[in-house]
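Encoded as structure tokens, the structure appears first; notes follow it.
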Amino acid sequence: MIIDLKHIFVTDNSALPLKYALDLSSIDYMGEYPLKKPVEIVGEITNKASLVRLEADIIFEFDASCDRCGTRTARTHTLKVSKSLATSIEGEDSDTIITVPNMKLDLDELLYTETVTNLPMKHLCDENCKGICYKCGKNLNEGECGCVKKEIDPRLAALAELLDN
Ligand SMILES: [Zn+2]
Ligand SMILES: [Zn+2]
Numbered sequence: 000m001i002i003d004l005k006h007i008f009v010t011d012n013s014a015l016p017l018k019y020a021l022d023l024s025s026i027d028y029m030g031e032y033p034l035k036k037p038v039e040i041v042g043e044i045t046n047k048a049s050l051v052r053l054e055a056d057i058i059f060e061f062d063a064s065c066d067r068c069g070t071r072t073a074r075t076h077t078l079k080v081s082k083s084l085a086t087s088i089e090g091e092d093s094d095t096i097i098t099v100p101n102m103k104l105d106l107d108e109l110l111y112t113e114t115v116t117n118l119p120m121k122h123l124c125d126e127n128c129k130g131i132c133y134k135c136g137k138n139l140n141e142g143e144c145g146c147v148k149k150e151i152d153p154r155l156a157a158l159a160e161l162l163d164n
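Under numbering that gives the first Met the number 0, the first residue of the sequence shown is numbered 0, with each subsequent residue one higher.
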């Protein structure tokens, strides 16, 4: 969706509420499609003393396999977006400024970019997920497997498995 912001730019102390959702279910993230539900943006664009700003929350549900045990898990994330909008064509987009040529904002592009660059680095079914046994593959959240294990840093488990074979 393209939003025409001309009215906002020329009117001091004006505001435009934002509420929109975009389907990003085709985004492939390490072989999964974690954004099954539309990604929402809720907030507003305001002009205060000729300074035009966008303040909004982007809300998305990330539905993918747990990094440790592989169980499919959905978690909702909220991104705070706080940007100044500039009509100048000289500047480039940055973390804090979005340029809007012709005072038109491409909301789809904003949603896409912000979401894709802020997908979670870590995705766990639970903060205390015990992962899977590196010997037998049992999901240890469901109980101990009885394998004899040396005390080992879980990050080294994959390496230990290689050495065992
Ligand atoms: Zn897990
Ligand atoms: Zn085991």
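Quick reminder that beta carbons are idealized off the backbone N, C-alpha and C, glycines included.
For the segment 47-131, list the beta strand (DSSP E) runs that are entirely contained and at least 3 residues long, ordered along the chain.
Runs found: 50-64, 71-85, 96-98 and 103-105.
Expressed to the nearest angstrom, what Euclidean distance is found between the alpha-carbon atoms of Lys121 and Phe61?
Within the sequence shown, residue 121 is the residue found at index 122, counting from 1. Within the sequence shown, residue 61 is the residue found at index 62, counting from 1. Those two C-alpha atoms are separated by around 11 Å.
Relative to ligand 2, what is the chain-ordered list of residues with a Cβ closer than 6 Å to any of its non-hydrogen atoms?
Those residues that bring their Cβ nearer than 6 Å to a heavy atom of ligand 2 are Cys132, Lys134, Cys135, Lys137, Cys144 and Cys146.
Does the Cβ of Thr95 have 16 or more other Cβ atoms within 10 Å, making it buried, or fewer, making it exposed?
If you number the sequence shown from 1, residue 95 lands on position 96. Exposed, because fewer than 16 other Cβ atoms sit within 10 Å of the Cβ of Thr95.
Are Ser64 and Glu31 close, meaning C-beta to C-beta below 9 Å?
Counting from 1 along the sequence shown, the entry for residue 64 is found at position 65. Counting from 1 along the sequence shown, the entry for residue 31 is found at position 32. Yes, these two residues count as a Cβ contact at 9 Å.
Under 8 Å: do the segment 8-27 and the segment 46-53 share three or more Cβ pairs, one atom per stretch?
yes
The beta strand (DSSP E) enclosing Ile26, as first and last residue numbers
Taking the sequence shown and counting its residues from 1, the one referred to as residue 26 is at position 27. Here Ile26 belongs to no beta strand (DSSP E), and DSSP marks it neither H nor E.
In angstroms with no decimal places, state the Cα-to-Cα distance between Asn117 and Val9.
Position 118 of the sequence shown holds residue 117. Position 10 of the sequence shown holds residue 9. Roughly 32 Å between the two C-alpha positions.
Distance CB(Arg71)-CB(Leu123) smaller than 9 Å:
The count along the sequence shown starts at 1 and reaches residue 71 at position 72. The count along the sequence shown starts at 1 and reaches residue 123 at position 124. In this structure, Leu123 does not lie closer than 9 Å to Arg71 by Cβ.
Check the C-beta distance from Asp107 over to Leu21 and give it rounded, since I have them as a contact under 8 Å.
Within the sequence shown, numbered from 1, the residue matching residue 107 stands at position 108. Within the sequence shown, numbered from 1, the residue matching residue 21 stands at position 22. Confirmed, Cβ separation roughly 6 Å.
Is Leu34 close to ligand 1? I mean its beta-carbon at under 8 Å from any heavy atom of the ligand.
As a first step, residue 34 must be located in the sequence shown, where it is residue number 35. For Leu34, the distance from the CB to the nearest heavy atom of ligand 1 is not below 8 Å.
If you draw a straight line from the alpha carbon of Asn127 to that of Ile7, how long is it in whole angstroms?
Translated into the one-based positions of the sequence shown, residue 127 becomes position 128. Translated into the one-based positions of the sequence shown, residue 7 becomes position 8. In a straight line, the C-alpha of Asn127 is about 47 Å away from that of Ile7.
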